[in-house]
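Comments concern the structure below.
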Amino acid sequence: MDEVTGTEEREWTLSGALNQALHDALAEDPRLVVFGEDVGRSGGVFRVTDGLQSAFGATRVFDTPISEAAIAGTAVGLAFAGWRSVIEFQFDAFSYPALEQVIDHVAKMRERVRGRVDMPITIRIPAFGGIRGKEHHGESPETYYVHTAGLKVVVPSSPLDGYTLLRRAIADPDPVVVLEPKARYWAKETGIVGLDEAGIGVGRVLRAGDDVAIVSYGAMVQTCLDAASALVEDGVDARVVDLRSLAPLDDDLLVRSAVETGRVVVVHEAPRTLGMAAEVAARIMELAFDHLEAPVGRVTGYDVPYPPASLEAAYRPSVDRICAAALAAVRY
Amino acid sequence: MDEVTGTEEREWTLSGALNQALHDALAEDPRLVVFGEDVGRSGGVFRVTDGLQSAFGATRVFDTPISEAAIAGTAVGLAFAGWRSVIEFQFDAFSYPALEQVIDHVAKMRERVRGRVDMPITIRIPAFGGIRGKEHHGESPETYYVHTAGLKVVVPSSPLDGYTLLRRAIADPDPVVVLEPKARYWAKETGIVGLDEAGIGVGRVLRAGDDVAIVSYGAMVQTCLDAASALVEDGVDARVVDLRSLAPLDDDLLVRSAVETGRVVVVHEAPRTLGMAAEVAARIMELAFDHLEAPVGRVTGYDVPYPPASLEAAYRPSVDRICAAALAAVRY
Amino acid sequence: MRLISPDGSEAGDTDVGLNSEALRDMLRRMIIARRLDRECIALQRQGELTVYPGFEGQEAAQIGSALALGADDFVFPTFRELAAALVRGVDAVQYLQYHRGTWHGGPYDPRATRFGPICIPIATQIPHALGHAVGQQLDGLEACTLAYFGDGSTSEGDFHEAANMAGVFGVPLVLFCQNNGWAISLPTGGQTAGEIWSRAQGYGFPGVRVDGNDILAVYAVTRDAVERARRGDGPTLIEALTYRIGAHSTADDAGRYRADAEVEAARSLDPISRYRTWLIGAGHADQDFVVGCEVEADTFAMEVRAGVIATPAPPVEWMFDWTFAAPSEGFQRMRREALGG
Amino acid sequence: MRLISPDGSEAGDTDVGLNSEALRDMLRRMIIARRLDRECIALQRQGELTVYPGFEGQEAAQIGSALALGADDFVFPTFRELAAALVRGVDAVQYLQYHRGTWHGGPYDPRATRFGPICIPIATQIPHALGHAVGQQLDGLEACTLAYFGDGSTSEGDFHEAANMAGVFGVPLVLFCQNNGWAISLPTGGQTAGEIWSRAQGYGFPGVRVDGNDILAVYAVTRDAVERARRGDGPTLIEALTYRIGAHSTADDAGRYRADAEVEAARSLDPISRYRTWLIGAGHADQDFVVGCEVEADTFAMEVRAGVIATPAPPVEWMFDWTFAAPSEGFQRMRREALGG
Ligand SMILES: Cc1ncc(C[n+]2csc(CCOP(=O)(O)OP(=O)(O)O)c2C)c(N)n1
Ligand SMILES: Cc1ncc(C[n+]2csc(CCOP(=O)(O)OP(=O)(O)O)c2C)c(N)n1
Ligand SMILES: [Mg+2]
Ligand SMILES: [Mg+2]
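Chains as they are written, first to last, in our numbering: chain A, 11 to 342; chain B, 11 to 342; chain C, 20 to 360; chain D, 20 to 360.
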C-alpha cells in the first residue's frame, strides 16, 4: 500500500481506494481506531482493511469476537472517551444484531446528552447483492438507516468517490453509515484519490440529459448508465444522477432534475415498499409537482426476501426494466 | 373478563378489547401460546394480558426473561413444533433487540423452507407516543417492519377494530406485527366485538368527504377526525381514511380516495423521511397521477429522535398542522 | 461477602481503611438519598415528575460502590442510580430533568460528572462501559469504568457480549449488578436458573457476590475490583444482593405479583438501620449525628423539590439543536418549518 | 472426556453400548462424509457450487453427536453440518441446492428430516432450537432438540439469551458447540477468555467438554445429554474440541492468518485414522471393510456430483411462491409484473 496519497494518478479498485482512505485517516488522526470481525489479522473479507493492522498496530486496528451489538456499543463508549471509530459489519444482514445499539444510541446519543459528546462513528457495511452470495449476504439495508433520525448514510458508486465519501464519513462529527456496494469492490477507475469530490449531502450528475432523469446509487448506477446508453437508440437522452448521500438527500439536485426533465425514474435493489424511491418520489412531488410530466417511476427489487444466486438477475433492476420505465415516463 | 364474546353490546377500552381478543383466541385454539416480559403474572404494563395466565395456565401464558431476541426466536422454533405464538415487546423501542430475528427469520423463514413450515406469529408492540413517556417509549417503528418483506403490519385505531385486527392477526398463517397505539389504550367505544369488520389489507373510511382525503392510522386517526371537524368552518369537506393495515396497503382505497378528492394528506407520528407517507404518496402518484390536483401532503413527526414529554405536543402532528396541510392541498 | 449483619453486629473485619468521618459520611449519604427518593415519589404523585423508578432498599449497593470510585473513573448507569449519581456529584435537580420530562438521558453533563446518561434500554449501557474502558486502556490511564445493571439485565445479549469482550480485551471494567430480586414482575428465579456472579468464570475473570445491603462490604469488594482494573488485571463481575422495597416504578402496582410478607421480610435487612446501629455501636457516631443527617436530608429534599418545580419546559428549538453536530441544509429547513408553524 | 487416544489406543471404557455393526457404521459414515466434503470443494472450484464451507476434521463431532439422536429429536444446524445432515437422512443433492445457489437455507424438508434449515446468521438458530424444545415440552414429548453452533457463535447475544432461557424453562435442549479452534480468522483465544463448556454453570445446567475428534466419546456424552433432556432434566451444553483443517470456506485463504504448522499438528489428531486404528485393533473391522467404505464413498460422491450438476436453476415464480401463505392482491400484482416483464 502507498504511504503517500492524493499525489499520483493510478488505477484503483473500490476495495483498494477504501483501504487507502482508512490508511490515510489512521495516519492523520492518532485517535482513530478501526475494529470489527476479521478486520485485523486477515484484512477483511473484501480486503478493505488489508495491511492496516501491520501498519498501525493491533491497538489501533483490532479484531473483535462475533458480537455486533457490543461492537456498536463499544464505538459509543469510545466516543465518550474521546476516540473516533470506524467499525465494520461483515455483510449487510450482519448489521441487524446491532440495530438496537445503532437506533437507540449511535443515532440518538448526541441529542440525549444535549450535544456534550459527539458520536464520530463510521459504520462500514458491505451491502447490496450481485455477487451470487448466500442468503443474508445480498440485502439492501438502507431504509433501516435512512429512516433513523440522527444518522447520515452514504453510498459510493465508484473507487475514487469511495475514497472521498469514506474520508468525509470518518471526518464527520456525526455517525455515518457507509454502504459499500460489494458487487463493485473490484470495479476499476483511474485517477487521483483525494477530497476534491463533493461531500456528504451532495449528489452528482454522471450523465447529462434532458428527456428523463434516472436517479440511483451504489452498484445500480452502472446499470443506469448502461440503460442511458441503450436509450439513445430510442432517441431518449437520459440524465443519470448518483445520489451518493441517502441521508441527507440532495433536495436541490432532485428538484433541478425534475424541473429540467419533468420525468424521473428512481432505481434501487431494495424492496419497493418504503425503499429510497418512495422518499425521492414523495420529495419530488412536494418540491416540483407542477413540473412533473409523468409520475416518478420506481424500478426496484420486489417485496420479497433477497433471492438465491440463481434468481438474483430476475430480482435486481436490469437495463431492460430501467429502459422500459424511462420510456414509459417519456411517453406518458 | 367475559367468557363469552361477540354477544352483548358493551363499552370497551382498546386494552380491554385486545385482552378479550387474546382470551377468545386462546380459548379457541389449544395450540396458541402467549409469552413475553411481564405478560403472565402481572398481566402486562397496559393490562392487555390481564387474567390470561389464571384463565389458561402458566404453560399457555408465560413470562420470559428479558431477552427479546430469544423471545422472537422462540416463536420461530415453536412454529416448527406446530405451535402458534403471540409475543409482546413491552414498548416500541424494546422490539429493536429482536430485529435480527424478525428480519432474518420471522419474516423469511417460510420462504427459506419453501413453504413447508408456516410462521403463524403475532408480534404485539405498544407503539407511538402521546403518553408523556420516557425516551425509547414513544417511537413509531412501523417503517422497519413495513419495509421488511415477509411481514404484515396492522394498526388498530379503536377498541372494536382492535379486537378484529388482533384476532385476524392471530388467525393469519403469516407473521403479523400489531402496533398498538398506547395513547389510545383507554379510549372507549361501545359495541359488540367480533370479526365482522374488514380483515388485514383493507382500510376504512371513517368520515365521508370529497374535498380532500386525510389518510392516517393509529392514534393519529382521532386527531385527523378532529381536524376534519375543524375544517368544516373553512368550508372544507374532508374525508378521513384509516389505513388499519400498513402492509399490505389497501391500494384500491388509496386510489379511490385520490380519484374522488384529487387531494390527499397523509398523517403520522413517525419521522418524515421514509415514513409511511412516503410510500402512500409514491403509490398514489403511480396509480392516480392524472387525478391529483395537488401534491400529496405529508404531516408527520420531524427527522429527530422522539422528544421528551415536554416537547411531545410540538413534535406530533396537531389539528392545526393537519388543517393547514389540508387547506394548502385544497387551495393549491 | 458480608461485614455487618442485618442486626448491626459485626460479621467480618469492618476495618476497610476508612476513618470515622468517611464512615459517618456513608450513613449521611444513605439517609439523604432515601429522603430524596421519597420526595421524588411525592413529586410524581403531584404531577411534577413523569413515571419515577424508586430505589429504596438499594442505598448501600449504590452509595457503597460509587464511593469506591475515583475522580478519573467513569460510570454508566441504568435508570435507577440516583443515589450513585449524587455521590458522583451530579446535581439532583439537573438529574431529575429526566423524570420531569424536560430532557433525555443526559440532562447533566456526563463528561464533567463522569457519570454517563441515564439508560433505559436494558443492558445497552454495558457495551458503552466496555467501549469507554477500551478507551481508557488505549490511553494507558490508571482508571476504570463501572457499569451498573440489574438482575434482569443479565438476560440480555448485550450483557453477555460486553462481558465476554471485556474478558478478551482485559479492559479496566467493573460490572456491578444490583440483584434486587425483581425485574418488574419477574423474580430473579424466573430470570435465570444460574447464579449471576458465577457467570464471570465463563468469561475468564473473577465474579463475587456481596451482601448489597451491607455498605461496608459493597465498598470493600468494589474498591478491590477497581484496584484490580486500574492495575491492568482486567474486569470483575460483582453481584450485590439487595432488594427493591418499592414497586418497579410509580406506574407499577407490585401488589399484583408480589406478596407483602416478602417485602416485610426484606425490610428487616434494611441497609440504613443496620449500618446506623453498627456505626453508633462502634462509636463512630451518635444519635445527634443521625438527627443532623435527617434535618439536612429534609432541607435538601425541599431545595430539590423547589428546583424541580421551578424548571420550565424546554423551548421547541431544543428538539433540533443537538441531533447533529453538522446538520444539513435540509435539516435546517425542517427546523424552520417546525418553529415557523 | 476421551475414550480413544489420537494414536488409536483406548483412553477409557469404549463400551458405549454399540455393537460391531454400529461401530463400523461410524467409520463408514466418516469416510463417506469426508469424501463428499472434498467433492464439494472440487465442485465449487469448477463453478458448480457457490462458496462452500468445508468440515474436514469435524466428522467425528458431527456424526458422533447426530447418531446419538432419535427419530423424534430435532436438529437446528449452522452452515457447516453436512455430515450431521447425512446422518439425519437429508438428501445430499437437495442439501447442496443451498450451495448451488438454487434455494435458501431449507431446500430439503426440515419437518420430514427433522433437520432444520441451514443457518448463516451466527447463533440465530439457537433460539429456534430453544423454541422447538419449548414446543416439545408443551406437547409432553419424550424427545429433545439439538442445536449445533461453533466457538465463535458463543460470543453472540443469541447464544446467551437462548441458553439462559432454556435453563429457566428446563426444556429438553442439547447445546452442541463444535469448537474447531477458529472463527474465520479469529482463534478461539480471541473469541473468549473463558472456557465455553464452563458457561453452562452460569445458566444452571451441566456443561461438559469432550474430545470432538473421538467419535465414541462424542457419541457417549451426546447420548447422555439427550437422555437427560428426554427425562425432563433440562439442557446440557457440550463443547466438542475439534479442528477446522481447511479454510473457513472456499472463499477464504487461511494462509493469511494461520500457521501451517498448527494445521499439521491438528492432522495428527485426525478423527478418522484414530478411529480406524482402534476399530481394526479391537477386531470390529478389517482392512477390507475400510476399502469397501472408500469405494462406497467414491460412488456416492460421483452420484451426488451428477445430481448437483443436473440441477437446473429454479423458475422465477419461486421468488414469490412462498413468501406468504396468504399473499395479498397487491403482492400478486407485483408477482405478475415481475413475471410479465
Ligand atoms: C430492551 C428492553 N426491554 C424491556 C424493557 C422494559 N423494562 C424496563 S425496566 C425492566 C426490568 C429491569 O430489571 P432489572 O434489570 O433487574 O432492573 P431493576 O428494574 O430491577 O432495577 C424492563 C423489562 C426495557 N427498558 N428495555
Ligand atoms: C451475525 C453474523 N455475523 C457475522 C457473520 C459472518 N460469519 C460467518 S461464519 C463466521 C465465523 C463463525 O465461527 P464459528 O461460530 O466458530 O463457526 P465455524 O465457522 O468455525 O464453523 C462469521 C463471523 C455471520 N454469518 N453472522
Ligand atoms: Mg432487578
Ligand atoms: Mg469455529
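Think of the CB as a built atom: it goes at the ideal place given N, C-alpha and C, for glycine as much as any other residue.
From a predicted model like this one, the values you see are computed outputs, not experimental measurements.
Exercise. Between the region 73-100 of chain B and chain C, which residues of the former have CB atoms less than 9 Å from a CB of the latter, in chain order?
Worked result: Asp73, Thr74, Pro75, Ile76, Ser77, Glu78, Ala79, Ala80 and Gln100
Exercise. What residues in the region 257-276 of chain B have a beta carbon less than 9 Å from any beta carbon of chain D?
Worked result: Ala257, Pro258, Leu259, Asp260, Asp261 and Asp262
For this session: Output the distance between the C-alpha atoms of glutamate 186 (chain D) and leucine 192 (chain C), rounded to the nearest integer angstrom.
Result: Per the sequence shown, residue 186 (chain D) should be read as glycine rather than glutamate. Approximately 27 Å, taken between the alpha carbons.
Exercise. Mind checking glycine 148 (chain B): buried by the 16 CB within 10 Å criterion, or exposed?
Worked result: buried
Exercise. If you follow the alpha helix (DSSP H) that tryptophan 22 (chain A) is part of, which residue opens it and which one closes it?
Worked result: First-last for tryptophan 22 (chain A): 20-23, but that is the beta strand (DSSP E), not the alpha helix (DSSP H).
For this session: Rank C:Arg277, C:Leu46 and C:Gly120 by C-alpha distance to the C-alpha of serine 292 (chain C) and give the top, closest one.
Result: C:Leu46
Exercise. Rounded C-beta distance between valine 275 (chain B) and valine 309 (chain B)? I'm assuming under 8 Å.
Worked result: 6 Å
For this session: Go ahead and pull the three-state DSSP assignment for alanine 270 (chain C).
Result: coil
For this session: Compare the C-beta of proline 333 (chain D) with all C-beta atoms of chain A and state if any pair is closer than 8 Å.
Result: yes
Exercise. Residue ranges of each alpha helix (DSSP H) run of no fewer than 4 residues wholly in the region 245-274 of chain B, ordered along the chain?
Worked result: 261-271
Problem set entry | Bounding residues of the alpha helix (DSSP H) (the contiguous stretch that carries aspartate 230 (chain D)) | No alpha helix (DSSP H) contains aspartate 230 (chain D), which is instead part of the beta strand (DSSP E) from 226-230.
Exercise. Taking DSSP as the reference, what is the three-state secondary structure of cysteine 138 (chain C)?
Worked result: coil
Exercise. When Cβ atoms are compared, which residues of the region 319-330 of chain C fall closer than 8 Å to chain B?
Worked result: none
Exercise. Can you list the residues of chain A that glutamate 175 (chain D) reaches, using a CB-CB cut of under 9 Å?
Worked result: By Cβ distance, chain A contributes Pro75, Ile76, Ser77, Glu78, Ala79 and Pro107.
For this session: Only counting runs of 3 or more residues, tell me where the beta strand (DSSP E) segments fall wholly within the region 82-128 of chain B, in order along the chain.
Result: Entirely contained in the region 82-128 of chain B, the beta strand (DSSP E) runs reaching 3 residues are, in chain order, 94-98.
For this session: Report the residues of the region 199-231 of chain C with a CB closer than 7 Å to any CB of chain B, ordered along the chain.
Result: Ala202, Ile203, Ser204, Leu205, Gly209, Gln210 and Thr211
Exercise. Sorted by chain position, which residues of the same chain lie with C-beta nearer than 6 Å to glutamate 322 (chain A)'s C-beta, five sequence neighbours on each side aside?
Worked result: Cβ within range, chain order: Gly139.
Problem set entry | Contact check, serine 105 (chain A) vs glutamate 145 (chain A), beta carbons under 8 Å | no
For this session: May I ask you to verify whether the region 129-139 of chain D touches the region 62-79 of chain B, counting CB pairs closer than 8 Å and requiring at least 3?
Result: no
Problem set entry | cysteine 234 (chain B): first and last residue of the uninterrupted alpha helix (DSSP H) it sits in | 230-243
For this session: Give the residues of chain D in contact with glutamine 111 (chain B), contact being defined as C-beta atoms less than 8 Å apart.
Result: Result: Thr143, Pro146 and Asp177.
Problem set entry | serine 172 (chain D) beta carbon near ligand 2 (any heavy atom closer than 7 Å) | yes
Problem set entry | CB-CB length for threonine 59 (chain A) against valine 44 (chain A), believed under 8 Å | Going by Cβ atoms, the distance from threonine 59 (chain A) to valine 44 (chain A) rounds to 6 Å, so yes, they are a contact pair.
For this session: Please name the residue or residues paired with isoleucine 51 (chain C) in a DSSP beta bridge.
Result: Isoleucine 51 (chain C) is not bridged to any residue.
Problem set entry | Any C-beta of chain C under 8 Å from that of phenylalanine 66 (chain B) | For phenylalanine 66 (chain B), the answer is no, since every Cβ of chain C falls outside 8 Å of its Cβ.
Exercise. To the nearest angstrom, how far is it from the Cα of aspartate 279 (chain C) to the Cα of arginine 70 (chain B)?
Worked result: 27 Å
Problem set entry | Buried versus exposed call for leucine 358 (chain D) [16 or more other C-beta atoms within 10 Å across all chains shown] | Classification for leucine 358 (chain D): exposed.
Exercise. Shorter than 8 Å from the beta carbon of asparagine 183 (chain C) to some beta carbon of chain D?
Worked result: yes
Exercise. How about proline 140 (chain C): is its Cβ closer than 7 Å to a heavy atom in ligand 1?
Worked result: yes
For this session: Would you decide whether proline 333 (chain D) is buried or exposed? Buried here means 16 or more other CB atoms lie within 10 Å of its CB.
Result: Proline 333 (chain D) sits buried, since 16 or more C-beta atoms from the chains shown fall within 10 Å of its C-beta.
Problem set entry | tryptophan 201 (chain D): CB within 7 Å of a non-hydrogen atom of ligand 4 | yes
Exercise. Got a sec: which bits of the region 143-156 of chain A sit with their beta carbon under 8 Å from any beta carbon on chain B, in order along the chain?
Worked result: Within the region 143-156 of chain A, the residues whose Cβ lies closer than 8 Å to some Cβ of chain B are Glu145, His146, Thr153, Tyr154 and Val156, listed in chain order.
For this session: Out of D:Gly36, D:Ser39, D:Leu62 and D:Ala41, point me to the one whose CA is closest to glutamate 322 (chain D)'s CA.
Result: D:Leu62
Exercise. If you draw a straight line from the alpha carbon of glutamine 351 (chain C) to that of glycine 172 (chain A), how long is it in whole angstroms?
Worked result: 27 Å
For this session: Using 7 Å as the cut-off, classify the Cβ of glycine 169 (chain D) as near or not near the heavy atoms of ligand 4, replying yes or no.
Result: yes
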